[in-house]
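I have placed the structure first, in the form of structure tokens, so that the comments after it can refer back to it.
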Amino acid sequence: MKVKQISVFLENKSGRLNAVTNLLAENGVNIRALSIADTSAFGILRLIVNDPDLAYKILRQASFTVSITEVIGVEMPDEPGGLAKVMKILDNCSINIEYLYAFISSTKGKAMVIFRVENIDDAIECLQKEGIRIVEGEILYKM
Amino acid sequence: MYWNEKYECLPREELKALQLERLKQTVERCFYNVPHYRKAMQELNVEPDDIQSLSDLSKLPFTVKTDLRDNYPYGMFAVPLSEVVRIHSSSGTTGKPTVVGYTRNDLNTWSELMARSLTCGGAAKGDVIHNAYGYGLFTGGLGVHYGAERLGASVIPISGGNTKRQIMIMKDYGSTVLTCTPSYALFLAEVMREMGYKKEDFRLKCGIFGAEPWSDNMREEIENKLGIMALDIYGLSEIIGPGVAMECPEKQGLHIWEDHFIAEIIDPETGEVLPPGSQGELVITSLTKEALPMLRYRTRDITMLIDEPCACGRTHQRLFRFSGRSDDMLIIRGVNVFPSQIESVLLEIGETEPHYQLIVDREGTMDNLEVWVEVSAEKFSDEVKMLENLKRTIRAAIESTLGISVEVKLVEPKTIPRSEGKAKRVIDKRHI
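So the sequences go chain by chain: A and B. 12 is the number of the first residue of the first sequence in our numbering; add one for each residue after it. 18 is the number of the first residue of the second sequence in our numbering; add one for each residue after it.
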């Protein structure tokens, strides 16, 4: 049910993001979704890729500070209120969200949101009970 | 102007005779009252009777800062605690701080030497001395304070901080002498200007600055901005505090008060005593201290001794203005900082790689210390708040250890250069 997300620590200086994307390109890693959390001094790049284990390995070898974080991919209708409904369900279950980022799914009419929550198993159970589709990692990587 | 013309201008032969007499007493006091000294002397097969001339000084063992720490807190005292009327202490370097004590006579000596130093720097009875050295365990504030009172000047014990209030007081109370670190003097000058004051609005005539190394360029800047004569004072708590040596208006070095201290210059690598005029590490032996006598204390300060007569008439040798340290100690805003202190803080927290780099810079007039730390892959959290927390934790721990504020910057692994052998821990961008 869970999705492996690659997180990379980046100093806030020019060329760092380029270094990561270049390395991934050279090794044939395809980026599915990404987001960056930035502060004045550093940023954290978060990636969903086609092959997270490979991406982790090559980034690690290149001395990046990298970790694999478990997140969940939630599918929802690509229409007004799609995300709102999911948020309401999570709120009712008192699930605390660390961060999220969205992208449009290749399935027509569907949107995909990546959630990082405090208690991932509770969140999955809560969403599934309400009939929300959680997209497996293996499916997401190949989308 | 002299404070004690007889001793400040004592002919060198008489001065040397006095030194020898006092050295013998000091060695005896150390040997019989301080187990550490007795042991160190016995290891070198030296007894008090072996000291028959000043050149015998080199037979005595060196004393280093760690000796004080190993005998923490009072083990190096040569008198019972009941004779000690004052205790000062370092800000606490790696591990234990160093503790220094004073008998009533020691305080008297210190006050005399400070009165002598203040006079040498241009202060006199009738002056208003604005003392912005920190009061407390640090010897700067109280050292100047007692000297100023001995001198009969009016001392304002303003201590550090609250710069605008300092300036108001300096202006309204008519301060004529400023005592603080040279970087704070420059900072005061800057804030005065921001507040719309000109140097003519103040009655300042001279400044006695120390506790950190400063260049002639910086002197010129202070003198121009404040319209004063700026002179250098030297001291260290292990010896007595400020007032060990003082620059005279000739500005050709700092007179070390030789009736109370013997200065040697050694090769910091071999410990060999170097001839006059050579650059090396300053080693000081106290001659009159009762509570904490010091035999050949290695100051780690790099300088040279000038034994030519000075135009001011004082016969005491001069120390060339200081050019650096033989260890890696930094002086930041007057506070002694050892890179190893920061290393031990990082190891204690254990959330980062042990690699770090210290970037010291001077923004305007204030020293800035930035600590670069490598984020560890094992402990890396992908949440911003965790990293911000880590930064805060490191900053708070370093600040409470060093007693000065720092900036912490998290950097990527392997970005801090690893050099062969001794790591390049410090990048000092200050031009001092």
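For each residue, glycine too, the CB sits at the ideal point set by N, CA and C.
Exposure of residue i, with buried meaning 16 or more beta-carbon neighbours within 10 Å
i                : result
Ser134 (chain B) : buried
Asp384 (chain B) : buried
Gln374 (chain B) : buried
Ser74 (chain A)  : exposed
Tyr119 (chain B) : buried
Asp49 (chain A)  : exposed
Lys441 (chain B) : exposed
Pro97 (chain B)  : exposed
Thr83 (chain B)  : exposed
Lys439 (chain B) : Note that Lys439 (chain B) scores 49 on pLDDT, short of 50, meaning its location in the model is unreliable and no value can be drawn from it.
Lys140 (chain A) : exposed
Glu16 (chain B)  : Here chain B comprises residues numbered 18 to 449, so residue 16 (chain B) is not present and cannot be evaluated.
Val146 (chain A) : buried
Glu229 (chain B) : buried
Gly351 (chain B) : buried
Gln72 (chain A)  : exposed
Arg338 (chain B) : buried
Neighbourhood of residue i by C-beta, 7 angstroms cutoff - its chain only, sequence neighbours within 5 removed
i                : result
Asn41 (chain A)  : Val60, Asn61
Ser422 (chain B) : Glu416
Thr110 (chain B) : Unreliable placement is indicated for Thr110 (chain B), whose pLDDT of 47 sits below 50; the coordinate value is still reported in the next sentence. Asn353, Phe355, Gln358.
Ser343 (chain B) : Pro285, Glu298, Arg317, Ile319
Ile366 (chain B) : Thr410, Ile411, Ala414
Cys265 (chain B) : Cys137, His272, Cys327, Cys329, Arg331
Ser295 (chain B) : Ile282, Met321
Lys142 (chain B) : Leu168, Gly169, Ala170
Asn125 (chain B) : none
Val172 (chain B) : Ile146, Asn148, His162, Ala165, Glu166
Residues near residue i in its chain [Cβ-Cβ closer than 8 angstroms; skip 5 each side]
i                : result
Lys188 (chain B) : Tyr214, Asp218, Phe219
Ser417 (chain B) : none
Met212 (chain B) : Lys181, Ile184
Ser393 (chain B) : Glu368, Thr369, Glu370, Pro430
Pro292 (chain B) : none
Ser116 (chain A) : Glu86, Asp89, Ala122, Met123, Met154
Ile457 (chain B) : Look at the range of chain B in this structure, 18 to 449, and you will see that residue 457 (chain B) is not part of it.
Lys23 (chain B)  : none
Leu130 (chain B) : Gly164, Ile257, Gly260, Val261, Trp274, His277
Beta carbon proximity, residue i to chain A, threshold 8 angstroms
i                : result
Lys431 (chain B) : yes
Glu416 (chain B) : no
Leu407 (chain B) : no
Val428 (chain B) : yes
Gly438 (chain B) : With a pLDDT of 45 at Gly438 (chain B), under the threshold of 50, the modelled position of that residue is not reliable, and no figure is offered here.
Thr110 (chain B) : Any reading at Thr110 (chain B) must be qualified, since the residue scores a pLDDT of 47, below 50, and its modelled position is unreliable; the value itself is stated next. No, because no Cβ of chain A sits closer than 8 angstroms to the Cβ of Thr110 (chain B).
Leu37 (chain B)  : no
Residue(s) in a DSSP beta bridge with residue i
i                : result
Leu61 (chain B)  : Leu61 (chain B) is not bridged to any residue.
Asn353 (chain B) : B:Ile348
Gly258 (chain B) : B:Leu253
Cys223 (chain B) : B:Val194, B:Met246
His147 (chain B) : B:Ile173, B:Leu195
Pro88 (chain A)  : A:Lys121
Val44 (chain B)  : Per DSSP, none; premise fails for Val44 (chain B).
Closer than 8 angstroms to chain B by CB, residue i
i                : result
Ile55 (chain A)  : yes
Thr32 (chain A)  : no
Glu109 (chain A) : yes
Glu22 (chain A)  : yes
Ser18 (chain A)  : yes
Cβ shell of residue i (< 6 angstroms), same chain only, five flanking positions each side left out
i               : result
Glu25 (chain B) : Tyr19, Arg331
Ala95 (chain B) : Arg46, Asn50, Val51, Pro310
Ser46 (chain A) : Arg57, Tyr112
Distance cut-off 7 angstroms: residue i Cβ against heavy atoms of the ligand FAD
i               : result
Ala48 (chain A) : Of ligands this structure carries none, so the ligand FAD is not represented either.
> Going along the region 378-392 of chain B in order, which residues come within less than 9 angstroms of chain A, judged by CB to CB distance?
Replying inline: Glu391, Val392
>> What are the residues in the region 394-405 of chain B lying within 8 angstroms of chain A by C-beta distance?
In response: Ala394, Phe397, Ser398, Asp399, Glu400, Val401, Leu404, Glu405
>> Give me the subset of the region 112-130 of chain A whose CB atoms are less than 7 angstroms from a CB atom of chain B, sorted by chain position.
In response: none
> Just by C-beta distance, which residues in the region 41-52 of chain A are closer than 7 angstroms to chain B?
Replying inline: Ala48, Thr50, Ala52
>> Against chain B, which members of the region 71-93 of chain A pass a CB distance test of less than 8 angstroms?
In response: Arg71, Ser74, Phe75, Thr76, Val77, Ser78, Thr80
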